[in-house]
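Asker: Per my numbering, the first sequence starts with residue 1307, numbered consecutively.
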Amino acid sequence: MSTTGPGPTITSQADDFPGWYNDVVRRAELADYSPVRGCMIIRPYGYAIWESMRDELDRHIKRTGHSNVYFPLFVPKSLLEKEAEHVEGFDPQVAWVTRAGGKELDEWLAIRPTSEAIIADSVKDWIQSYRDLPLLMNLWNNVVRWELRTRLFLRTAEFLWQEAHTFHATEAEAAAEVDTGLEAYRAVAEDWLAIPVVQGRKSEGEKFPGAVYSHSIEAMMRDTKALQAGTSHMLGQNFAKAADIRFLDRDNERKHPWGTSWGFSTRMVGATIMAHGDEAGLVLPPNVAPFQVVIVPIFRSEEDRVKVAAAIEQLEASLADVVTASGPLRWKTDWREETPGFKYNHWELRGVPLRLEVGPRDVAAGQGVLVRRIDRHKEPVPLASLAAELPERLATYQQAVFQRALDFRAANTRSLDTLDALRESIEVEGGFVMAPWCGSPECEQAVNEATGATIRCIPFDSPDEAGRCLVDGRPSERRVLFARAY
RNA sequence: CGGGGUGUAGCGCAAUCUGGCAGCGCACGUGCUUUGGGAGCACGAGGUUGCGGGUUCGAAUCCCGCCACCCCGACCA
């Protein structure tokens, strides 16, 4: 199955979601495979989407008092191994440099899978007094995790991300920082990418190796599977103890600081594709769309072309001053020598929110035909007033994308009480299932083996509700979120 | 790691069984005609048939070895 009409097509979302995803990523020119297995080449259109969410998150990070820094790509083996749970969790995924400068290295160098270890070691001299705290740092970098099964953007051996690392004098302060990080992710996901998320705590089995606890935001893709979209970790004093970081507190006692770390990666580009896309390709929220409006000129004769060009030129002059929620309006007029139909498909595949068709009939009427990508709704609009209306129209569109995702999630979330009902629901309908759980790893494992679903998180906003665990019937305090996940 | 499959132009494939000029569609270049939902015609460019070895007058095709990738399982999260 494929989209209608002649010309190249993409795999139908309904028939084969992974096939659809791959086609969209490749055909919309977001990314390519690389000569290195599991690694990806991010192309200009894909990188522009990443830059938009990166820049927005960076604003949140700086607004909340963090400074950007840089630490090395290489982590000495001895440092990576200091925190026992950490090294055990990452060991199979670490890539090593064993040879350099023409000889075997005395000490292997890990290519960072994450930077907790090297940062803890590096900052121990910076932290002497409670006056040196909190230390709030953030890195934008690349990391390598040697994944066996990779998918463009979603899980690649090398990926781009941001990792915040902070140190605090008290546990309460560190706990508040974990919330700060997660709130930044919620804001970027929901307000910028129009992806509604469930915030919650990870189960013991799913938390970050070396963390005391982990929080995450979880999003629903359009195949109803879950995607972890950002994590924020309470590291407690684990890494501080491993690296022997101590500070002298107000009470003249030497103490280990409490740490946090939180990360958000290029996986979110994949989330944006899968949370909004449809049979025609990408559907991008205006805030991240590299182009928010595309203008398609239509003409037959040279005489018509001149008239259309004049009208568009006049319109473009007014567009130059338009400011949207994500900065100056980003638009493009497509003058390529292709048919209008070709261009419609081309820009729909790329998810451009608004398309303005301008032909001879329109010019005669002083209007254009504005078409919304999300529902192909067509509307004649006067060219003279369009520029002034665009910020509002784009804001409305952004909200419509979010609302549609919210409705989709609601329609695919069920509250169930038994393992049989959960299995039936996961296998037949997919989606999210809210079910009571006693808290034991054994019952968590039992659900996973029976259904393939995992506990995505223990949601913060799930109401306290006494019940019985869906596996062993023991008392449960609240419902947790089960789903099959990427 | 086990089982199965596939490697031929940028992409998708045919030719392999039965050895005999390496082809088709899309994409790409030029020209003309076109342009309100993926335009048409003509001409053109593009190849170490995954790599190495063997058999043969002759190998994409047969034989041996290697490599890569995909699917299923296992493992991991």
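No residue lacks a Cβ here, since even glycine has one placed at the ideal position from N, Cα and C.
From which residue to which residue does the beta strand (DSSP E) around Met1443 run?
Answerer: Stepping through the first sequence from its first residue, residue 1443 is reached at position 137. Residues 1441–1450.
Asker: In angstroms with no decimal places, state the Cα-to-Cα distance between Glu1608 and Pro1686.
Answerer: Working through the first sequence from its first residue, we reach residue 1608 at position 302. Working through the first sequence from its first residue, we reach residue 1686 at position 380. Spanning the two alpha carbons is a distance of roughly 24 Å.
Asker: Identify every residue that forms a DSSP beta bridge with Ser1373.
Answerer: For the purposes of this step, residue 1373 is taken as the residue at position 67 of the first sequence. In DSSP, Ser1373 forms a bridge with Met1443.
Asker: Judging by CA-CA distance, which residue of Phe1473, Glu1733, Leu1445, Arg1461 is the nearest neighbour of Val1575?
Answerer: Looking up residue 1575 in the first sequence gives position 269. Among Phe1473, Glu1733, Leu1445, Arg1461, the Cα nearest to that of Val1575 belongs to Arg1461.
Asker: How long is the line joining the alpha carbons of Ala1671 and Arg1457, rounded to whole angstroms?
Answerer: Within the first sequence, residue 1671 is the residue found at index 365, counting from 1. Within the first sequence, residue 1457 is the residue found at index 151, counting from 1. Roughly 49 Å between the two C-alpha positions.
Asker: Can you round the beta-carbon distance between Gly1583 and Trp1564 to whole angstroms, since I take them to be within the 8 Å contact cut?
Answerer: Reading the first sequence from its first residue, position 277 is the one you call residue 1583. Reading the first sequence from its first residue, position 258 is the one you call residue 1564. Going by Cβ atoms, the distance from Gly1583 to Trp1564 rounds to 41 Å, so no, they are not a contact pair.
Asker: Short of 8 Å in beta carbon distance, which residues of its chain neighbour Ile1732, apart from the five on each side in sequence? Order them along the chain.
Answerer: For the purposes of this step, residue 1732 is taken as the residue at position 426 of the first sequence. The answer, listed in chain order, is Val1739, Thr1757, Gly1758, Ala1759, Phe1788, Ala1789, Arg1790.
Asker: Distance check for Arg1405 and Gly1745, CA to CA, integer angstroms please.
Answerer: Locating residue 1745 in the first sequence gives position 439, counting from the first residue. Locating residue 1405 in the first sequence gives position 99, counting from the first residue. Their backbone Cα atoms lie some 46 Å apart in a straight line.
Asker: Does the Cβ-Cβ distance between Thr1572 and Phe1465 come in under 7 Å?
Answerer: The residue you call residue 1572 lines up with position 266 of the first sequence. The residue you call residue 1465 lines up with position 159 of the first sequence. Yes, the Cβ-Cβ distance between Thr1572 and Phe1465 is below 7 Å.
Asker: Ignore the nearest five residues each way along the sequence and tell me which others in Glu1477's own chain have a CB closer than 6 Å to its CB.
Answerer: One-based indexing of the first sequence puts residue 1477 at position 171. These residues qualify, in order along the chain: Trp1564.
Asker: Suppose contacts are defined by Cβ-Cβ distances below 7 Å. Is Arg1636 in contact with Phe1597 by that definition?
Answerer: Residue mapping note: residue 1636 aligns to position 330 of the first sequence, counting from 1. Residue mapping note: residue 1597 aligns to position 291 of the first sequence, counting from 1. In this structure, Phe1597 lies closer than 7 Å to Arg1636 by Cβ.
Asker: Taking the alpha carbon of Ala1577 as the point to measure from, which residue in Gln1434, Lys1531, Thr1724, Leu1625 has its own alpha carbon closest?
Answerer: As a position in the first sequence, residue 1577 is number 271, starting the count at 1. Answer by Cα proximity: Lys1531.
Asker: Per DSSP, what are the beta-bridge partners of Ser1538 in this structure?
Answerer: As a position in the first sequence, residue 1538 is number 232, starting the count at 1. His1521, Trp1568, per the DSSP bridge assignment.
Asker: Which stretch, first to last residue, makes up the alpha helix (DSSP H) that contains Phe1597?
Answerer: As a working note, residue 1597 is residue 291 in the first sequence. No alpha helix (DSSP H) holds Phe1597; DSSP gives it neither H nor E.
Asker: Would you call the region 1523–1539 and the region 1494–1512 in contact, with 3 or more CB pairs under 8 Å?
Answerer: They touch, by the three-pair rule.
Asker: Is it buried or exposed for Trp1641, if we count other Cβ within 10 angstroms and need 16 for buried?
Answerer: The residue labelled residue 1641 in the question sits at position 335 within the first sequence. When all chains shown are included, Trp1641 counts as exposed.
Asker: Can you tell me whether Ile1347 is buried or exposed? The criterion is at least 16 other CB atoms within 10 Å of its CB, across all chains shown.
Answerer: In the first sequence, the residue the question calls residue 1347 occupies position 41. Classification for Ile1347: exposed.
Asker: Which residues bound the alpha helix (DSSP H) around Gly1395?
Answerer: Position 89 of the first sequence, counted from the first residue, corresponds to residue 1395. Run containing Gly1395: 1390–1396, per the alpha helix (DSSP H) assignment.
Asker: Where Met1307 and Asp1321 are concerned, what is the direct C-alpha to C-alpha distance, given to the nearest angstrom?
Answerer: Locating residue 1307 in the first sequence gives position 1, counting from the first residue. Locating residue 1321 in the first sequence gives position 15, counting from the first residue. Bear in mind that the predicted position of Met1307 carries a pLDDT of just 32, short of 50, making it too unreliable to give a figure here.
Asker: Short of 6 Å in beta carbon distance, which residues of its chain neighbour Asp1329, apart from the five on each side in sequence? Order them along the chain.
Answerer: Against the first sequence, residue 1329 aligns to sequence position 23. Taken in chain order, the residues that qualify are Ile1316, Thr1317.
Asker: Are three or more beta carbon pairs between the region 1405–1424 and the region 1365–1375 nearer than 8 Å?
Answerer: No: the two stretches stay apart, fewer than three of their Cβ pairs being nearer than 8 Å.
Asker: Looking at the secondary structure, which residues open and close the beta strand (DSSP E) in which Tyr1339 lies?
Answerer: By 1-based counting over the first sequence, the position of residue 1339 is 33. Per DSSP, Tyr1339 belongs to the beta strand (DSSP E) from 1337–1339.
Asker: Where does Thr1724 fall in DSSP's three states?
Answerer: Here residue 1724 refers to the residue found at position 418 when the first sequence is read from its first residue. Residue state, collapsed to three classes: coil.
Asker: When the Cα of Tyr1353 is compared with those of Ala1693, Arg1762, Glu1335, Val1664, which residue comes out closest?
Answerer: Taking the first sequence and counting its residues from 1, the one referred to as residue 1353 is at position 47. Selected option, being the one with the closest Cα: Glu1335.
Asker: Please name the residue, chosen from Ser1340, Trp1452, Glu1643, Gly1737, that lies closest to Thr1719 on a Cα-to-Cα basis.
Answerer: What you label residue 1719 is simply residue 413 of the first sequence in a count that begins at 1. Minimum Cα distance to Thr1719 is reached at Gly1737.
Asker: Can you name the start and end residues of the beta strand (DSSP E) that Arg1507 belongs to?
Answerer: Counting from 1 along the first sequence, the entry for residue 1507 is found at position 201. Looking at the DSSP string, the run of the beta strand (DSSP E) that includes Arg1507 is 1503–1507.
Asker: Rounded to whole angstroms, what is the Cα-Cα separation between Tyr1339 and Pro1419?
Answerer: Residue mapping note: residue 1339 aligns to position 33 of the first sequence, counting from 1. Residue mapping note: residue 1419 aligns to position 113 of the first sequence, counting from 1. Distance between the alpha carbons of Tyr1339 and Pro1419: 21 Å.
Asker: Have a look at the DSSP bridge pairing and note the partners of Phe1473.
Answerer: Start at 1 with the first residue of the first sequence, and residue 1473 comes out as number 167. Paired residue(s): Leu1441, Gly1565.
Asker: With a CB to CB cut of under 7 Å and the five nearest residues on each side skipped, what residues in its chain are close to Thr1309?
Answerer: Locating residue 1309 in the first sequence gives position 3, where the first residue counts as 1. With a pLDDT of 36 at Thr1309, under the threshold of 50, the modelled position of that residue is not reliable, and the figure given next carries that caveat. Excluding sequence neighbours, Thr1309 sits near Thr1315, Ile1316, Glu1585, Ala1586.
Asker: Would DSSP call Pro1591 helix, strand or coil?
Answerer: Working through the first sequence from its first residue, we reach residue 1591 at position 285. Coil at Pro1591, not helix or strand.
Asker: Along the chain, where does the beta strand (DSSP E) containing Thr1317 start, and where does it finish?
Answerer: Within the first sequence, residue 1317 is the residue found at index 11, counting from 1. Premise fails: Thr1317 is in no beta strand (DSSP E) and is neither H nor E.
Asker: For Arg1455 and Leu1625, I'd like the C-alpha separation in whole angstroms.
Answerer: To locate residue 1455, count along the first sequence from 1; it is residue 149. To locate residue 1625, count along the first sequence from 1; it is residue 319. Looking at the two C-alpha atoms, the distance is approximately 45 Å.
Asker: Is it true that the region 1375–1394 meets the region 1601–1619, where meeting means three or more beta-carbon pairs spaced less than 8 Å apart?
Answerer: No, they do not touch.
Asker: What would DSSP say about Ala1617, mapped onto helix, strand or coil?
Answerer: For the purposes of this step, residue 1617 is taken as the residue at position 311 of the first sequence. Here Ala1617 sits in helix by DSSP.
Asker: Below 7 Å between beta carbons: does that hold for Gly1569 and Glu1489?
Answerer: The residue you call residue 1569 lines up with position 263 of the first sequence. The residue you call residue 1489 lines up with position 183 of the first sequence. Taking 7 Å as the Cβ cut-off, Gly1569 and Glu1489 do not qualify as a contacting pair.
Asker: Expressed to the nearest angstrom, what Euclidean distance is found between the alpha-carbon atoms of Ala1752 and Phe1514?
Answerer: Here residue 1752 corresponds to residue number 446 of the first sequence, with the count starting at 1. Here residue 1514 corresponds to residue number 208 of the first sequence, with the count starting at 1. Roughly 21 Å between the two C-alpha positions.
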